[in-house]
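A short worksheet on the structure shown next.
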Amino acid sequence: MAQQARVLLLFDSRGGLTEQLAQAVADGVQSVSGVELRYRRLSEANQKELLGIDALILGSPNWSGMTGKLKEWLDYSGDLWETGDLAGKVGACFTAGWSRSGGTEATLLQLMHLLLAHGMIFVGLPWSDTMRRSGSYYGATAHGEVTDDDRAQARALGRRVAEATLLLGLFASGAAADGS
Ligand SMILES: Cc1cc2nc3c(=O)[nH]c(=O)nc-3n(C[C@H](O)[C@H](O)[C@H](O)COP(=O)(O)O)c2cc1C
58 MAQQARVLLL FDSRGGLTEQ LAQAVADGVQ SVSGVELRYR RLSEANQKEL LGIDALILGS
118 PNWSGMTGKL KEWLDYSGDL WETGDLAGKV GACFTAGWSR SGGTEATLLQ LMHLLLAHGM
178 IFVGLPWSDT MRRSGSYYGA TAHGEVTDDD RAQARALGRR VAEATLLLGL FASGAAADGS
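Number 117 in this note's numbering belongs to position 60 of the sequence shown; there are no gaps in the numbering.
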């Protein structure tokens, strides 16, 4: 792993709700030293940035699944599945939708599927009592508005991704030193 662990936070957002969650995730990532955050709206993201990252956090509005634009961007991001460039890297996800029972977890599962398909190590929300009110086991969420609880959960997710990325980097460099 590079000296600074590189976390790419890539998200789509039309109305700004998902972006509010993204900002809280970003706060969490940046609360951990030794991590470089690349914060990218889909419209300004470059597919080459998927190479050489240590973690990928995907965010999408809940449009009965991820948005078509995000799916298409990822579908045409190169032969990453073939090359294994994302394998062993940390992955996480978040979504914002309108309705609490409008398929939030289905959207997170779609994002999780994509990350796991690349052989990434998936990180969900850390357990906390706040889970009774906000978030999902699979990632950070918001419905109609971003509440303080939603923000706290999104920050916790970002922090956990950063910490897991650093830990995995240590593990990987230790393994390399052993020649294993
Ligand atoms: C095409 C489309 C499909 C949507 N499907 C859902 C849905 O299945 N469930 C839901 O809760 N909200 C749904 N919504 C509402 C969006 O998730 C909601 O507007 C959300 O805030 C979008 O995030 P954004 O503000 O970051 O763009 C849909 C909106 C659109 C435009």
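Where a beta carbon is used, it is the ideal one built from N, C-alpha and C, also for glycine. Note that the structure is predicted; figures quoted are calculated from it, not measured.
- Message: To the nearest angstrom, how far is the alpha carbon of Ser88 from that of Val82?
- Response: 10 angstroms
- Message: Give me the DSSP bridge partner(s) of Pro118.
- Response: Ala153
- Message: Tell me which residues share the same chain as Asp206 and place their Cβ nearer than 7 angstroms to its Cβ, disregarding the 5 neighbours each side in the sequence.
- Response: Thr187, Arg190 and Ser191
- Query: Thr204: beta carbon under 7 angstroms from a heavy atom of ligand 1?
  - Reply: no
- beta-carbon Thr75 near ligand 1 non-hydrogen atom, thresh 7 angstroms: At least one heavy atom of ligand 1 falls within 7 angstroms of the beta-carbon of Thr75.
- Message: Checking 8 angstroms against the spacing of the C-beta atoms, do Gly181 and Gly196 come in under that value?
- Response: Cβ atoms of Gly181 and Gly196: closer than 8 angstroms.
- Task: State the start and end residues of the unbroken beta strand (DSSP E) segment that holds Ala197.
- Result: Ala197 to His200
- Task: Kindly indicate the opening and closing residues of the alpha helix (DSSP H) around Val82.
- Result: Leu74 to Gln87
- Query: For Leu214, which of Glu162, His170 and Leu115 has the nearest alpha-carbon?
  - Reply: Leu115
- Message: Just to confirm the assignment: which complete beta strand (DSSP E) runs, minimum length 3, are found wholly within the segment 98-144?
- Response: Segments of the beta strand (DSSP E) lying fully in the segment 98-144: 112-118.
- Query: Around the Cβ of Asp69, are there at least 16 other Cβ atoms within 10 angstroms (buried) or fewer (exposed)?
  - Reply: buried
- Can you give me the start and stop residues for the alpha helix (DSSP H) that Leu171 sits inside? Thr161 to Ala174
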